[in-house]
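Student: Quick one: structure below, then a few questions.
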Amino acid sequence: MQRFFITLIFFLACCTGAFAQNNDLQLARQYAQNGDMQKALDIYQKLYRQDNEGYYQQYLSALLSAKKFDDAESITKKLARKHPGSFDYTIALGTIYTQQGNTDKADQVYTDLINHLPADQNEISTIASQFYKNANVEYAVKIFQQGRKLLHNDALFSFELINLYRYKRDKNGLTEEYLNFLPANPSFLSQAQSMLASVYEGPADYDVLKFALLKRIQKDPQQIIYVNLLTWQFMQQKEFGQALNQSLALSRRQNDDGSSIFELCATLTANEAYDEAIRGYEYVIGKGKDNPNYVSAKIELINTKNQKVTSGKYTQADLVGLEQDYLNLLTEFGRNRSTVFAMQKLANLQAFKLHKLKDAQTLLESAVAITDVRPSLLANCKMDLGDIYLLNNQPWDATLTYSQVELGNPNTNIAQEAFLRNAKLAYYTGDFNLARRQLNVLKAATTQLIANDALNLSLLITDNLAADSAGSALKMYARADLLIFAEQTDKAIQTLDSLNTKYPGNMLAADVLMAKTKILIQQKNYNGAVALLKQIADNHPDNLWADDAVFMLADIYENQLANPEQAKTYYQKIITDYPGSLWLNDARKRFRILRGDKNDAS
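Okay, so the sequence shown: first residue is 1 according to the UniProt record's numbering, each after it adds one.
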């Protein structure tokens, strides 16, 4: 029983002591936060005397904050002598000298530590970690480098060094470390590309990587990972031809199936490097019909050529060649549910680029008659067929076809688009009252673009009929609008230029400017489009096209002319000058993104 009471008393004394020490710690921290460092130091010193090692770190931090370097050095050396095998106190001593401004003395301490580093991988990692915690990344790197020498293994500590070089933004160190690491660890290529891209700041950095890779490839031409990284480097520099050449050379050397080329071509197309992508797909196709990528490459080759055409970067020979490619595809694979997508694209090419309206109509009529076609593709084919009926002067067939799409796809965006095209058909053919009734329904469309188009066209009709009940000038403008839709730009411009001569004093000045803008955008003449849009914004600020013109200016500056500052100016103009615009929410979001707001969705 007596022993029990003695044990209990000892336990309570320990608890009371621990409780008192915790109270002292909290009080010291409070003094330090209030700026009364001397009172805080007195408490830390008392605690340190009670338990040197337990309160060393808190006491040392307080001494360093108070710039009492001699005292900090004294207690650290004392504990270092007491624990000669511990490197913690040696590192702390170097930190004291560094904060004191005595970097030479700190370097001497650290150099001595490196020279006496133990040949133990775990111990080396622990010591380097201590340097990192003390924000001394330079010596953490030196510890790992010395560790490699001691352990005679240059592959050790790669992950640690990669992270340290990234933290330091040491581009050369990170580059070399990855080039050493990747051959044995090719699965980390994507990580390497991402990390290098995050620290490289421009062409000069990528050139350093290129020269380093070329040297290594020269020494070890069989190392595929270097060729893949070099291809990526060329892609980052937008040297697309060089990127493709590297990949083609590797594919030929390995005599593979060209899968890597096929994948690269998708990236080339996304970067609008159409000619390079076409060359790559042709290489894959050239491997023969037994190649697993043959059919996909044929389809993507034509799609890429189509994208080149629709991007505006084409010649008449490109158009004719693309038409023949589609015809060859349909000859090889037949006209069936699997090739309807090609029939649709060929019909669009024939109708809007080659102006072969009868051929396009015949082709789409056969496409929509094919059974078991995917519903969304079938609906789009019918919409295009309706457009071609309209251009072929068959308005009754056009409206029936649009109506089929609308009725066959209730409560969908494509149904609303079909309804809008029926309204536009009435507008193009001069039946303005019918067009206005249909457009007024579409003002409440769930799709913003449809609602905006409907509102603008409805206001255009209303304003012009108020000034001219016969709508003579508007009919001429609608004909020009239809010519623009048909991509008969020369005839459209001629009609627009004749409008003022035939109907002087009409109210369509801003509308003519917008129509000409649409033509310039079709032709990828963005600087010309900007000039006309500025005329609308500056000279017709109250016109129904004004907010559209301002938003289009912002969009062109942001996405086509790479001028974010001008884009911000025009997005801001939407916000301040056109608070009722349908573009308001988009303008706010894009403005915040360009401004760099973290929460761009707010």
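Glycine included, C-beta positions come from ideal geometry on N, C-alpha and C.
Using DSSP with H/G/I as helix, E/B as strand and the rest coil, what is Gly528?
Tutor: Position 528 of the sequence shown, counted from the first residue, corresponds to residue 528. Residue state, collapsed to three classes: helix.
Student: If you draw a straight line from the alpha carbon of Ala470 to that of Val512, how long is it in whole angstroms?
Tutor: Counting from 1 along the sequence shown, the entry for residue 470 is found at position 470. Counting from 1 along the sequence shown, the entry for residue 512 is found at position 512. Approximately 19 Å, taken between the alpha carbons.
Student: Look at the alpha carbon of Asp463 and the alpha carbon of Lys358, and state the distance between them as a whole number of angstroms.
Tutor: The residue labelled residue 463 in the question sits at position 463 within the sequence shown. The residue labelled residue 358 in the question sits at position 358 within the sequence shown. About 37 Å.
Student: CA-CA distance, Leu322 and Thr331?
Tutor: Here residue 322 is taken as the residue at index 322 of the sequence shown, counted from 1. Here residue 331 is taken as the residue at index 331 of the sequence shown, counted from 1. Their Cα atoms are separated by approximately 14 Å.
Student: In whole angstroms, what separates the C-alpha of Pro292 from that of Glu263?
Tutor: The residue given as residue 292 occupies position 292 in the sequence shown. The residue given as residue 263 occupies position 263 in the sequence shown. Going by the C-alpha atoms only, they are around 13 Å apart.
Student: Distance, Cα to Cα, Glu365 vs Met235?
Tutor: For the purposes of this step, residue 365 is taken as residue 365 along the sequence shown, with counting starting at 1. For the purposes of this step, residue 235 is taken as residue 235 along the sequence shown, with counting starting at 1. So the alpha carbons of these two residues sit roughly 43 Å apart.
Student: Pick out whichever of Thr489, Gly94, Thr304, Gly258 has its Cα sitting closest to the Cα of Ala270.
Tutor: In the sequence shown, counting from the first residue as 1, residue 270 sits at position 270. With distances taken between Cα atoms, Ala270 lies closest to Thr304.
Student: Which term fits Lys353, buried or exposed, when burial requires 16 or more other beta carbons within 10 angstroms of its beta carbon?
Tutor: Translated into the one-based positions of the sequence shown, residue 353 becomes position 353. Classification for Lys353: buried.
Student: Under a Cβ-count criterion, where at least 16 other Cβ atoms within 10 Å of its own Cβ denotes burial, should Trp583 be classed as buried or exposed?
Tutor: As a working note, residue 583 is residue 583 in the sequence shown. Buried, by the Cβ-count rule.
Student: Quick one, which of Glu201, Leu64, Ala204, Lys356 has its alpha-carbon nearest Val320's?
Tutor: Position 320 of the sequence shown holds residue 320. Of the candidates Glu201, Leu64, Ala204, Lys356, the one whose C-alpha sits nearest the C-alpha of Val320 is Lys356.
Student: Please list the segments of the beta strand (DSSP E) lying wholly inside the segment 204-287, counting only runs of 3 or more residues, in order along the chain.
Tutor: Counting only runs of 3 or more, we get nothing.
Student: So, using beta-carbon positions, are Asn180 and Asp154 closer together than 8 Å?
Tutor: Within the sequence shown, the letter at position 180 stands for residue 180. Within the sequence shown, the letter at position 154 stands for residue 154. Their beta carbons are under 8 Å apart, which means Asn180 touches Asp154 by this criterion.
Student: Between the alpha carbons of Thr569 and Gln416, how many angstroms are there, rounded?
Tutor: Here residue 569 refers to the residue found at position 569 when the sequence shown is read from its first residue. Here residue 416 refers to the residue found at position 416 when the sequence shown is read from its first residue. Going by the C-alpha atoms only, they are around 33 Å apart.
Student: With 16 other CB atoms within 10 Å as the buried threshold, where does Phe157 fall?
Tutor: For the purposes of this step, residue 157 is taken as the residue at position 157 of the sequence shown. Classification for Phe157: buried.
Student: Please classify Arg436 as buried or exposed, where buried requires at least 16 other C-beta atoms within 10 Å of its C-beta.
Tutor: Taking the sequence shown and counting its residues from 1, the one referred to as residue 436 is at position 436. Buried, since its Cβ has 16 or more Cβ neighbours within 10 Å.
Student: Nearest-angstrom Cα distance between Gln324 and Ala467?
Tutor: Start at 1 with the first residue of the sequence shown, and residue 324 comes out as number 324. Start at 1 with the first residue of the sequence shown, and residue 467 comes out as number 467. The alpha-carbon atoms of Gln324 and Ala467 are separated by roughly 50 Å.
Student: Could you tell me if Asp577 is buried or exposed, where buried requires 16 or more neighbouring beta carbons within 10 angstroms of its beta carbon?
Tutor: Along the sequence shown, read from residue 1 onward, the residue named residue 577 stands at position 577. So Asp577 counts as exposed.
Student: Assuming Ile575 and Phe591 make a contact with CB atoms under 8 Å, what is their CB distance in whole Å?
Tutor: One-based indexing of the sequence shown puts residue 575 at position 575. One-based indexing of the sequence shown puts residue 591 at position 591. About 7 Å; that satisfies the 8 Å criterion.
Student: Measuring CB to CB, does Val405 end up less than 8 Å from Ala367?
Tutor: In the sequence shown, residue 405 corresponds to position 405, counting from 1. In the sequence shown, residue 367 corresponds to position 367, counting from 1. Contact flag unset, no.
Student: Count the other CB atoms within 10 Å of the CB of Tyr167; is the residue buried (16 or more) or exposed (fewer)?
Tutor: Against the sequence shown, residue 167 aligns to sequence position 167. That one is exposed.
Student: Is DSSP giving Ile370 helix, strand or coil here?
Tutor: Along the sequence shown, one-based indexing puts residue 370 at 370. Correct three-state label for Ile370: coil.
Student: Rounded to whole angstroms, what is the Cα-Cα separation between Tyr226 and Pro183?
Tutor: What you label residue 226 is simply residue 226 of the sequence shown in a count that begins at 1. What you label residue 183 is simply residue 183 of the sequence shown in a count that begins at 1. C-alpha separation (whole angstroms): 8 Å.
Student: Is Ala480 near Ala529, with beta carbons less than 8 Å apart?
Tutor: Translated into positions along the sequence shown, residue 480 becomes position 480. Translated into positions along the sequence shown, residue 529 becomes position 529. Against a cut-off of 8 Å, the Cβ pair of Ala529 and Ala480 comes out as no contact.
Student: Can you tell me whether DSSP reads Ala486 as helix, strand or coil?
Tutor: Residue numbering aside, residue 486 sits at position 486 when the sequence shown is read from its first letter. It is coil, neither helix nor strand.
Student: Based on Cα-Cα distance, which residue from Thr362, Gln361, Gln344, Ala249 lies nearest to Val373?
Tutor: Here residue 373 corresponds to residue number 373 of the sequence shown, with the count starting at 1. Per the Cα distances, Gln344.
Student: Over what stretch of residues does the alpha helix (DSSP H) that includes Tyr167 continue unbroken?
Tutor: Position 167 of the sequence shown, counted from the start, is the residue given in the question as residue 167. Note, Tyr167: alpha helix (DSSP H), 158-168.
Student: On the premise that Arg337 lies in contact with Ile302, defined as a C-beta separation below 8 Å, what is that separation, rounded to the nearest angstrom?
Tutor: As a position in the sequence shown, residue 302 is number 302, starting the count at 1. As a position in the sequence shown, residue 337 is number 337, starting the count at 1. Not a contact, Cβ separation roughly 18 Å.
Student: Please list, in chain order, all residues of the same chain as Phe4 whose beta carbon is under 6 Å from its beta carbon, the five residues on each side excluded.
Tutor: The sequence position of residue 4 within the sequence shown is 4, counting from 1. For Phe4, the predicted model reports a pLDDT of 43, less than 50, meaning its position is unreliable and no value from the coordinates is stated.
Student: For Tyr477 and Gly202, what's the separation of their Cα atoms in angstroms?
Tutor: Walking along the sequence shown from the start, residue 477 turns up at place 477. Walking along the sequence shown from the start, residue 202 turns up at place 202. Straight-line Cα distance between these residues: approximately 50 Å.
Student: Assuming the contact rule is C-beta atoms closer than 8 Å, Leu189 and Asn228 should be a hit. Round their C-beta distance to whole Å, please.
Tutor: For the purposes of this step, residue 189 is taken as residue 189 along the sequence shown, with counting starting at 1. For the purposes of this step, residue 228 is taken as residue 228 along the sequence shown, with counting starting at 1. About 6 Å; that satisfies the 8 Å criterion.
Student: For Phe69 and Leu594, what's the separation of their Cα atoms in angstroms?
Tutor: Counted from its first residue, the sequence shown places residue 69 at position 69. Counted from its first residue, the sequence shown places residue 594 at position 594. Cα to Cα, Phe69 sits roughly 49 Å from Leu594.
Student: Pick helix, strand or coil for Tyr503, following the three-state DSSP scheme.
Tutor: Counting from 1 along the sequence shown, the entry for residue 503 is found at position 503. The answer is coil: DSSP assigns Tyr503 none of H, G, I, E or B.
Student: Buried or exposed for Trp396, please, with buried defined as at least 16 other CB atoms from any protein chain shown within 10 angstroms of its CB.
Tutor: For the purposes of this step, residue 396 is identified with residue 396 of the sequence shown, where counting begins at 1. Exposed: under 16 other Cβ atoms inside 10 Å.
Student: Is Thr315 near the ligand FAD, in the sense that its beta carbon is under 7 Å from a heavy atom of that ligand?
Tutor: For the ligand FAD, the structure offers nothing, since it holds no ligand at all.
Student: When you compare only the Cα positions, how much space is there between Ile556 and Gln394?
Tutor: Translated into positions along the sequence shown, residue 556 becomes position 556. Translated into positions along the sequence shown, residue 394 becomes position 394. So the two alpha carbons sit approximately 36 Å from each other.
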